[in-house]
Structure formats: C-alpha cells, structure tokens
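The structure appears right after this line, and notes come after that.
Residue numbers (my numbering): 285 to 604.
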C-alpha cells in the first residue's frame, strides 16, 4: 500500500450536493487533495437523494469495492422545516409517521474505484427501526462475510436510544436478519448514565479486534472475536478529542502505526487526525501536520489504504 483514499461528505447541510460522496487522496495521510475538482464523485438519486457517512470496503475474495452510506438528506428536509424538526423526523417513528426516512442504506459497487454501479437502496435495519445511521463494516473471516453495523432507534423504548445492530452479507444485496450488537444500557458500568452508541469503526491488530464508537465521548473496546466478549480499552481520547465523532481508522502504510480521523463538532464539521503505534495501548496523540483544502469541511467518512496503481488511477480519473 502506497497511499490513502478518504471517502466522505462535506459542508454544513447548506446544499444537497454537500450530502453526497467525495473522494480525497493523500500519500502520507497528512496532506489531503480533494479530487474531481471539488465536486462529488457519486450522487444519490434514490431514497432521500442524499448520502451521509459513506464507508468504503475492499473485498478480500475478489477485485471489488463497496461504498455504503446513510440514506439521508438533512438539507432537503430543511427546505420545508426547521433543522431540529428535520433531524427528529428522520429518526423517530410514530403512529402519525410510521415510515420515517433514513432507515435504508445506499450502496455502490466497483471493480476499480473509478467505474461504479448503483446507487441502490438496501434494507439492512431491523423491522420497525426508526433509523439506520452510519453503517460501517469489516470482513469476518470466520463467517466468510462482511459484518455491517449501523445505529438504530427501536420502538421497544419509544425510539429513545441509538443502539448498534449488525447483519452479515457477501454481496450487499441480501443480509442476514439484523440483531442487537452493542447497547450501552446492557453492559453499563455502575453509576454511569444510559447513552446513545453510534458511529462504530472497526480495526484488527495482532489477532484482536477493536471497535471505536461514539457515546457521550469517543470510546474503544477490544475483543478476541467480532462476536466478543468486548472489553473497554482506556484512552485519553475524551480529553484530546472531547467534541468529536465519526471515527475513521486505517493502518499507516510506512510506519505501521494507526491513523485515526475524528470529526470535530465544535467547528460544525471538520476532521482532525490522531495516531498511535499500538491500538492495544490506547495512547493516541494529535497529528499536527495536517492539511486539508482551504474552505472545505470534511464530514463523516472512511479511510482506505490503496496501492500505487490504484492511487494513480484515481488521480487520472478524477483530476479534471
């Protein structure tokens, strides 16, 4: 692997084109170049005609890539209602609104990352889910399929809390029935308040799995298997990244360290980078040498290490 691809959306919900799929590339993970002359690479024309939280996966079995994302356009909803109402209506089902938006996933697929088929809508959420947000995935070698996890609100508690639900797929067309995967209220520490759990990113290091997610802060857990049991890893991320979410993580190509990107909510979007030599240690430090194109706010996305050939192909296709 010689470079990185960052798949993301942009902006502050002021344009429908912001809530689409953008590509950026970098050789070192520090200096980022926005491709396609700053325009989205992929535009959703299905469902809500917007896509947030795009996540890219590479198949380990064939030359194929998938991009999945939240079927949601807050900008389009805000054209007819206030922002607070727009967010509420896309998460909470009610008798008067039995079919809320944002409960499907948008999918594209490609063999080379430059020619994409799709988009198509896929239902991976459980029945009666009030939403299906920020789907993320990882290849599960034991099951021979991708694990896909997204945050849902369910009617059992009047759509009060976001929990992670997972299902499995090989082709992103058919999925196993969704099941509860992580619920902070089920394994809560003594005295801790019940919290949402969402934005879960996965990594594997030395035969162990890690998941980094958002509650009231950024947290990390580790387990010997994707089925668990999951145990907390102590980090200082809540101190050095106190108002962040949308984790994107990738192993650094040269140093074999880990690059963690977090979306800073205090600036209404905009990523900051952190790194660590070992996930098991949980010691992250801010990466100060970070450069994004001026005036562009990078929003919830994902990282993928790419080969030199793939990097050059992306540059050739999307550099005007």
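For glycine and all other residues, C-beta sits at the position ideal for the given N, C-alpha and C.
| Check | Outcome |
| --- | --- |
| One question on the structure: do residue 415 and residue 448 come within less than 9 angstroms of each other, judged by their Cβ atoms? | no |
| Does residue 605 pass the burial test, meaning 16 or more other C-beta atoms within 10 Å, or should it be called exposed? | With the chain running from 285 to 604 in the structure shown, residue 605 is simply not present. |
| Run through DSSP, which three-state label would residue 566 get? | coil |
| Quick one, are the C-beta atoms of residue 556 and residue 546 less than 9 angstroms apart? | yes |
| Using three-state DSSP, classify residue 421 as helix, strand or coil. | strand |
| Hey, residue 631 and residue 341 are a contact pair by Cβ (cut 8 angstroms); roughly how many whole angstroms apart? | Absent from the model: residue 631. The displayed extent of the chain is 285 to 604, so no value can be given. |
| How do the stretch 352 to 363 and the stretch 301 to 321 stand: do at least 3 beta-carbon pairs fall below 8 angstroms, yes or no? | yes |
| If you follow the alpha helix (DSSP H) that residue 362 is in, where does it begin and where does it stop? | 358 to 362 |
| May I have the straight-line CA-CA distance separating residue 390 from residue 396, to the nearest angstrom? | 19 angstroms |
| Residues in its own chain within less than 6 angstroms of residue 404 by CB, not counting five upstream and five downstream? | 391 |
| Thinking residue 446 and residue 481 are a contact (beta carbons under 8 angstroms), I'd like their distance in whole angstroms, please. | 6 angstroms |
| At what residues does the beta strand (DSSP E) containing residue 306 begin and finish? | 306 to 310 |
| Please classify residue 597: does DSSP put it in a helix, a strand, or coil? | helix |
| On the CB-based measure, 16 or more other CB atoms within 10 Å of its CB, does residue 386 come out buried or exposed? | buried |
| Considering Cα atoms alone, identify which of 326, 368, 579, 353 is closest to residue 406. | 353 |
| Specify the secondary structure class of residue 580 as computed by DSSP and reduced to three states. | coil |
| Give the single residue among 479, 322, 288, 298 whose Cα lies nearest to the Cα of residue 578. | 322 |
| In this structure, does DSSP put residue 556 in helix, strand or coil? | strand |
| Sort out for me which residues DSSP pairs residue 498 with in a bridge. | 482, 502 |
| Is DSSP giving residue 587 helix, strand or coil here? | strand |
| In this structure, does DSSP put residue 519 in helix, strand or coil? | coil |
| Say the cut is 8 angstroms; is the CB of residue 527 nearer than that to a heavy atom of the ligand PLP? | Absent from the structure shown: the ligand PLP. Ligands present: none. |
| Short of 8 angstroms in beta carbon distance, which residues of its chain neighbour residue 488, apart from the five on each side in sequence? Order them along the chain. | 422, 494 |
| Let me know if residue 249 comes out buried or exposed under the rule of 16 or more other beta-carbons within 10 Å of its beta-carbon. | As displayed, the chain neither begins before 285 nor continues past 604, which places residue 249 out of reach and without an answer. |
| For my contact list, residue 393 and residue 437 are in at a C-beta cut-off of 8 angstroms; report their separation, rounded to the angstrom. | The Cβ separation is near 28 angstroms, so there is no contact. |
| Residue 584: which of 418, 311, 366, 328 sits nearest, CA to CA? | 418 |
| Determine the extent of the alpha helix (DSSP H) in which residue 369 is found, giving its start and end residues. | 367 to 373 |
| Taking the straight line between their C-alpha atoms, what separation do you get for residue 318 and residue 587? | 14 angstroms |
| Bridge partners of residue 547, per DSSP? | 529, 555 |
| Which class does residue 322 belong to by DSSP, given the choice of helix, strand or coil? | helix |
| Would you kindly work out how many angstroms separate the C-alpha atoms of residue 312 and residue 334, rounded to a whole number? | 30 angstroms |
| Measure the Cβ-Cβ separation of residue 569 and residue 524 and say whether it is below 9 angstroms. | yes |
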